[in-house]
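Which chain is which? The protein sequence lines are A and B, in order.
Take the first sequence: its position 88, counted from the start at 1, is 88 in full-length UniProt numbering, and no numbers get skipped.
Take the second sequence: its position 41, counted from the start at 1, is 41 in full-length UniProt numbering, and no numbers get skipped.
Cβ coordinates follow ideal geometry from the N, Cα and C atoms, glycine included.
Please read all numbers here as calculations on a predicted model, not as lab measurements.
First comes the structure, then the notes that go with it.
Number of protein chains: 2
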Amino acid sequence: MTPSVSGSASDTVTAALVIIGDEILSGRTHDKNLPYLGRRLNELGVRLSEVRVVPDDRAAIVEAVNALRAKHQYLFTTGGIGPTHDDITAECIAEALDRRLIEHPDARAILDARYGPEGLTPGRLRMARTPEGAQIVENPVSKVPGFKIGNVYVLAGIPEVMQGMFESLAHELVGGAPLLSTTVVAALPEGDLAQPLGALQARYPDVGMGSYPFFGQHRYGASLVLRATDRDRLLAAKAELVEMVRAMGAEPEVGDDPV
Amino acid sequence: MTPSVSGSASDTVTAALVIIGDEILSGRTHDKNLPYLGRRLNELGVRLSEVRVVPDDRAAIVEAVNALRAKHQYLFTTGGIGPTHDDITAECIAEALDRRLIEHPDARAILDARYGPEGLTPGRLRMARTPEGAQIVENPVSKVPGFKIGNVYVLAGIPEVMQGMFESLAHELVGGAPLLSTTVVAALPEGDLAQPLGALQARYPDVGMGSYPFFGQHRYGASLVLRATDRDRLLAAKAELVEMVRAMGAEPEVGDDPV
């Protein structure tokens, strides 16, 4: 994507994500939250612009949170908010924002209702902790809430729960113009496409053009993805790209019009 | 994982990864390289300790590369080494390391052999560019090489190609003691496990204990993952954990002994 599309415009709203968890870094668990958030944020006009994956380590979490919350309008974290000793996200966010860690009354009320006096073990009670001044983020899946403080949204790591929390907060996010995209698939070698595609990119600096090669046993080629906030410019570039691929002797597969 | 396990030991060899590509951040493409590298590096005694996902943006790539190559023994990058205008990794690495960008003779020879004089388009010729002083990394899958310079290894984004490149360089990596792991699955609520698990962790500071809850339509519980470099300590902690779960009234599913 060209710099003019990827974020130099002052009206671009950006977000970052910190994925917290040794199990992601070890390869044991495959993260599914990045693709979900990338797609949904873009639909809301927010560009996911940077992601960091860090271990369950206090210094690493604090450093990543502080670096990214200063650079982006929104910061999301996933993981580390359960009841066990390795769930340290709440205390790390409190440290990063220099707030006291408190038992949040709204979170406590939810846990009381969910678990009852006998079920509310010390471990579960940990899940009521937030930095002072936080507001809870509702969890329609399994009740135990996340929280937000400033521009930092602290969500669960389990994808179904993370998605439920995100959808319960999505209405609060204020985005810019959504980045529209459309794809043209060309069964041509990327090396042949490179020069004419680069020439087309040069004539459309406001339309980001990405080439993503693929190959398998039966076919190969490249998915050419166009992205822009201006629908007319995007469609004009797409029409030229389709003609370009045809002129090279291949019938392009054209995706749906951008949404 | 406890700090004592996750990297404070001076003999721990760590690596970082920079995943380069708008298509990952947009959610269009799901990264498969992180889990592969996390798993394989650990087998070689190298701990993947930090990952950043950045857009196809020069400043962002340079910043991430310079931050991470200074903090870790090894830095890997994936993506952005193809023939099209949005493939800018080579020039970014050159800038980060303050080297000239050259046409590498070994890479050029591979491209000559692969494409011949007619097929070696200007776009494909871009794939011969490396920072001055780099060595090529062989690509057994599709020939076009990656490169390494200093402690930075620049690999393809396509998983099959990335894996081929990694396996061709893996013998060079010098790791520390591999982190052994074993898993005990308990069909118990994580909130009930939290306190006894925390107490067990306190008695085994050299064995990292992570709890990864799961739930589906038919079952729920937590995967309790133990990690340590000392096999005897790991097995001792595992035996205690198995007894702990049984004492709570659930028959644990016990994974294979650590490798």
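Does VAL13/B come within less than 8 angstroms of chain A when only Cβ atoms are used?
By this cut-off, VAL13/B is not an interface position.
Under the assumption that PRO178/A contacts GLU63/A (Cβ atoms under 8 angstroms), give the Cβ distance between them as a whole number of angstroms.
At roughly 31 angstroms, the Cβ-Cβ gap does not stay under 8 angstroms, so PRO178/A and GLU63/A are not in contact.
Using a Cβ-Cβ cutoff of less than 7 angstroms, which residues in the same chain neighbour VAL225/A once the five nearest sequence positions on both sides are dropped?
The answer, listed in chain order, is SER181, THR183, GLY210 and TYR212.
Quick one: what does DSSP say ALA186/B is sitting in, helix, strand or coil?
Strand.
Quick check: what's the CA-CA separation for ARG40/B versus HIS30/B?
Their Cα atoms are separated by approximately 19 angstroms.
Relative to the C-alpha of LEU48/B, which residue among GLY27/A, ALA59/A, LEU37/A and PRO35/A is closest?
For the residues GLY27/A, ALA59/A, LEU37/A and PRO35/A, the minimum Cα distance to LEU48/B belongs to GLY27/A.
So the candidates are LYS71/B, THR12/B, LEU101/B and GLY157/B; which of them puts its Cα closest to the Cα of ASN33/B?
Among LYS71/B, THR12/B, LEU101/B and GLY157/B, the Cα nearest to that of ASN33/B is on GLY157/B.
With DSSP as the reference, label MET209/B as helix, strand or coil.
Here MET209/B sits in strand by DSSP.
Would you call GLN135/B buried or exposed, if buried means 16 or more other Cβ atoms sit within 10 Å of its Cβ?
It counts as exposed.
Where do the ends of the beta strand (DSSP E) carrying SER223/B lie?
From DSSP, the beta strand (DSSP E) with SER223/B extends over 220-228.
Please identify, using Cβ separations under 9 angstroms, the residues of the region 31-59 of chain B that lie next to chain A, in order along the chain.
Per Cβ criterion, the list reads ASP31, LYS32, LEU34, PRO35, TYR36, LEU37, GLY38, ARG39, ARG40, LEU41, ASN42, ARG47, LEU48, SER49, GLU50, VAL51, ARG52, VAL53, VAL54, PRO55, ASP56, ASP57, ARG58 and ALA59.
Should GLY249/B go down as buried or exposed, given a rule of 16 or more other Cβ atoms within 10 Å for buried?
Exposed is the call here.
Provide the residue(s) that pair with ILE158/A in DSSP beta bridges, ordered along the chain.
None; ILE158/A has no bridge partner.
Excluding the five sequence neighbours on either side, which residues of its own chain have a C-beta within less than 7 angstroms of the C-beta of ASP56/A, listed in chain order?
So the qualifying residues of the chain are ILE20, GLY21, ASP22, GLY80, ASP86 and ILE88.
Within 8 angstroms (strictly less), CB to CB, does SER4/A reach chain B?
Confidence at SER4/A is low in this model, with a pLDDT of 41, below 50, so its placement is unreliable and the value that follows should be read with caution. SER4/A does not count as touching chain B.
Using a Cβ-Cβ cut-off of 6 angstroms (strictly less than) and excluding sequence neighbours within five positions of ARG52/A, which residues of its own chain qualify?
Here the set comprises VAL18 and ALA64.
Nearest to ARG108/B by CA position, among GLY123/B, GLU253/B and ALA170/B, is which residue?
For the residues GLY123/B, GLU253/B and ALA170/B, the minimum Cα distance to ARG108/B belongs to GLY123/B.
Let's test the definition: count the other Cβ atoms within 10 Å of the Cβ of ALA9/B and tell me whether it reaches 16, buried, or not, exposed.
Below a pLDDT of 50, predicted positions are generally treated as unreliable, and ALA9/B, at 49, falls in that range; the measurement from the model is reported next regardless. The residue is exposed, with fewer than 16 neighbouring Cβ atoms inside 10 Å.
Please list, in chain order, the chain B residues whose beta carbon lies closer than 9 angstroms to that of MET209/A.
Correct list: THR84, HIS85 and ASP86.
Flag this pair as touching only if the region 229-239 of chain B and the region 98-106 of chain A have three or more C-beta atom pairs under 8 angstroms; answer yes or no.
Taking 8 angstroms as the limit for Cβ pairs, the verdict is that the region 98-106 of chain A does not touch the region 229-239 of chain B.
Please check the pair THR14/B and HIS72/B, which I expect to be a contact at CB under 8 angstroms, by giving their CB distance rounded to whole angstroms.
Their Cβ separation, rounded to whole angstroms, is 5 angstroms, which keeps THR14/B and HIS72/B in contact under 8 angstroms.
Here's the rule: buried if 16 or more other CB atoms are within 10 angstroms of the residue's CB, otherwise exposed. What is VAL245/A?
Buried.
Taking only beta-carbon atoms, is PRO252/B less than 8 angstroms away from chain A?
No, its Cβ sits nowhere closer than 8 angstroms to a Cβ of chain A.
Does the ligand SAM have a heavy atom nearer than 7 angstroms to the CB of LEU44/A?
This structure lacks the ligand SAM; in fact it carries no ligand of any kind.
Express the C-alpha separation of ARG126/B and ARG126/A in angstroms, rounding to a whole number.
Between ARG126/A and ARG126/B, the C-alpha separation is close to 54 angstroms.
With a threshold of 8 angstroms between beta-carbons, can GLY191/A be considered close to chain B, or not?
Output row for GLY191/A: interface = yes.
Would you identify the three-state DSSP class for GLY175/B, choosing helix, strand or coil?
Three-state DSSP puts GLY175/B in coil, outside helix and strand.
Between which two residues does the alpha helix (DSSP H) carrying THR89/A extend?
Residues 89-97.
Any idea which residues DSSP pairs PRO131/B with across the strands?
Note: PRO131/B sits in a beta bridge opposite LEU101/B.
Between the region 88-97 of chain A and the region 144-163 of chain A, can you find at least three pairs of beta-carbon atoms closer than 8 angstroms?
Touching, yes, given that three or more Cβ pairs across the two stretches are closer than 8 angstroms.
Look at the Cβ atom of SER168/A, then the Cβ atom of VAL144/A, and state whether they are nearer than 8 angstroms.
Cβ atoms of SER168/A and VAL144/A: not closer than 8 angstroms.
Find the nearest neighbour of GLU91/B within the set ALA128/B, TYR74/B and GLY116/B, judged by alpha-carbon distance.
Residue ALA128/B is the option with its Cα nearest to GLU91/B.
In chain order, what residues of the same chain have a beta carbon less than 6 angstroms from the beta carbon of ASP106/A, not counting five sequence neighbours either side?
Within the same chain, ASP106/A has close Cβ partners ILE136.
Given that THR121/A touches chain B, what residues does it touch there, using C-beta distances under 7 angstroms?
Ordered by position in chain B, the residues that pass the 7 angstroms Cβ test against THR121/A are GLY191, ASP192, ALA194 and GLN195.
What does a CB cutoff of less than 8 angstroms around ALA170/B pick up in its chain, not counting 5 residues either side in sequence?
Taken in chain order, the residues that qualify are ARG40 and LEU44.
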